[in-house]
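Step one of this worksheet: look at the structure below.
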């Protein structure tokens, strides 16, 4: 207020005085003000409007920003195409998670595409009460997946209905700081990359549900949980990590990355969204919506883009042979 008063006293018009005061605000303060402009209830309302618009096949019913960007399994989709045409209803499992700090909202669960069920994550970014980003991970029956797996991409909505993620409000005194929740999830990716389960902050016996299918807890023993078998896991890197969505009230964190296989492995990489339930400072269980992109697909197509574009060899011509 003193800065504004001084500017007015010097003869500046009110608009200029206000602009001068805003320039003096720290960038972090302005960012916090923008994030808090749409609180948890506001973000939830926008997510619901978006999902309703998708089911109605009506983009005009959603508050889409100019320049709105949407991808489905890493492929850019024009407004009104893709899921805008295929989804006819939301399914039995519906989870909505909200991150007011980063101004994001997300849906995880089942959608109905004219009687065919898909397991999805849909992440939205909201700025100035409008949706600027929509990133969909979609697992459908019969999609490519791991060689020999049945179904190949672990698609199992019936299992997800029986074992859904928590729909809860964690008591305030049990919630962890945001940075701690992000660090817990990153410990999981560090353990996978280093093939060392001892660095992972996870409860013994934690379960993992890949596209609905529980892939843990069938054999027994300490090596049959969400961090089991890391010493021999066919992976060389967890690339393009993004752990920037935290719903502290629900105790949930969204992680996204790409599993890059060992050199020469015929097993395809997979791009994934993973929902981590965090309890008592540990990963409790994990739910995914993931897909297995072919080598030609640009993955993840959201930053960071650290080496996830393994194009076919014939895309870039070989250099000409050196003259003798």
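Residue numbers (my numbering): 23 to 346.
The beta carbon of each residue, even a glycine, is placed where N, CA and C say it ideally should be.
Give the DSSP-derived three-state secondary structure of residue i in the structure shown.
{"i": "residue 262", "result": "strand"}
{"i": "residue 171", "result": "coil"}
{"i": "residue 210", "result": "helix"}
{"i": "residue 195", "result": "helix"}
{"i": "residue 205", "result": "helix"}
{"i": "residue 87", "result": "strand"}
{"i": "residue 81", "result": "helix"}
{"i": "residue 190", "result": "coil"}
{"i": "residue 200", "result": "helix"}
{"i": "residue 51", "result": "Note that residue 51 scores 42 on pLDDT, short of 50, meaning its location in the model is unreliable; the coordinates nonetheless yield the value given after this. If DSSP states are grouped into helix, strand and coil, residue 51 belongs with the helices."}
{"i": "residue 328", "result": "coil"}
Ends of the beta strand (DSSP E) at residue i?
{"i": "residue 282", "result": "274-282"}
{"i": "residue 305", "result": "304-313"}
{"i": "residue 301", "result": "292-301"}
How is the alpha helix (DSSP H) around residue i delimited, first residue to last?
{"i": "residue 184", "result": "179-184"}
{"i": "residue 64", "result": "62-78"}
Assuming residue i and residue j form a contact by the criterion Cβ under 8 angstroms, report the distance between their Cβ atoms to the nearest whole angstrom.
{"i": "residue 325", "j": "residue 293", "result": "Incorrect: roughly 14 angstroms between the Cβ atoms, too far for contact."}
{"i": "residue 81", "j": "residue 87", "result": "Residue 81 to residue 87, Cβ: 12 angstroms. No contact."}
{"i": "residue 300", "j": "residue 291", "result": "With 8 angstroms as the limit, residue 300 and residue 291 do not qualify as a contact, their Cβ atoms being about 26 angstroms apart."}
{"i": "residue 129", "j": "residue 73", "result": "6 angstroms"}
{"i": "residue 273", "j": "residue 190", "result": "7 angstroms"}
{"i": "residue 60", "j": "residue 148", "result": "6 angstroms"}
{"i": "residue 278", "j": "residue 295", "result": "5 angstroms"}
{"i": "residue 267", "j": "residue 114", "result": "23 angstroms between Cβ atoms; not a contact."}
{"i": "residue 83", "j": "residue 91", "result": "With 8 angstroms as the limit, residue 83 and residue 91 do not qualify as a contact, their Cβ atoms being about 19 angstroms apart."}
{"i": "residue 69", "j": "residue 182", "result": "Not confirmed; about 20 angstroms, so no contact."}
{"i": "residue 318", "j": "residue 192", "result": "Incorrect: roughly 42 angstroms between the Cβ atoms, too far for contact."}
{"i": "residue 116", "j": "residue 131", "result": "5 angstroms"}
Original post:
When the Cβ atoms of the stretch 167-186 are set against those of the stretch 234-250, are three or more pairs found closer than 8 angstroms?
Top reply: Yes, since at least three Cβ pairs between the stretch 167-186 and the stretch 234-250 fall closer than 8 angstroms, the two stretches touch.
Original post:
At which residue ranges does the stretch 92-166 contain complete alpha helix (DSSP H) runs of 4 or more residues, listed in the order of the chain?
Top reply: Within the stretch 92-166, the complete alpha helix (DSSP H) runs of at least 4 residues are 105-108.
**OP:** Would you check if the stretch 300-320 and the stretch 197-215 touch, i.e. whether three or more CB-CB distances between them fall below 8 angstroms?
**Re:** These segments touch.
**OP:** Pick out the complete beta strand (DSSP E) segments inside the stretch 212-272, 3 residues or longer, and give them in chain order.
**Re:** As far as the stretch 212-272 is concerned, its whole beta strand (DSSP E) runs of at least 3 residues are 224-232 and 259-269.
Original post:
With a cut-off of 8 angstroms, do at least 3 Cβ pairs link the stretch 113-133 to the stretch 92-103?
Top reply: With contact defined as three or more Cβ pairs closer than 8 angstroms, the stretch 113-133 and the stretch 92-103 are not in contact.
Original post:
Would the stretch 129-145 and the stretch 101-109 be scored as touching if the rule is three or more Cβ pairs under 8 angstroms?
Top reply: These segments touch.
Subject >> Three CB pairs or more closer than 8 angstroms across the stretch 210-221 and the stretch 255-271 >> reply: Yes, since at least three Cβ pairs between the stretch 210-221 and the stretch 255-271 fall closer than 8 angstroms, the two stretches touch.
**OP:** Please determine if the stretch 246-261 and the stretch 181-200 are in contact, where contact requires at least 3 C-beta pairs separated by less than 8 angstroms.
**Re:** Contact between the stretch 246-261 and the stretch 181-200 is absent: fewer than three C-beta pairs spanning the two stretches fall below 8 angstroms.
Original post:
For the stretch 311-318 against the stretch 149-164, are there 3 or more C-beta pairs whose distance is under 8 angstroms?
Top reply: Touching, yes, given that three or more Cβ pairs across the two stretches are closer than 8 angstroms.
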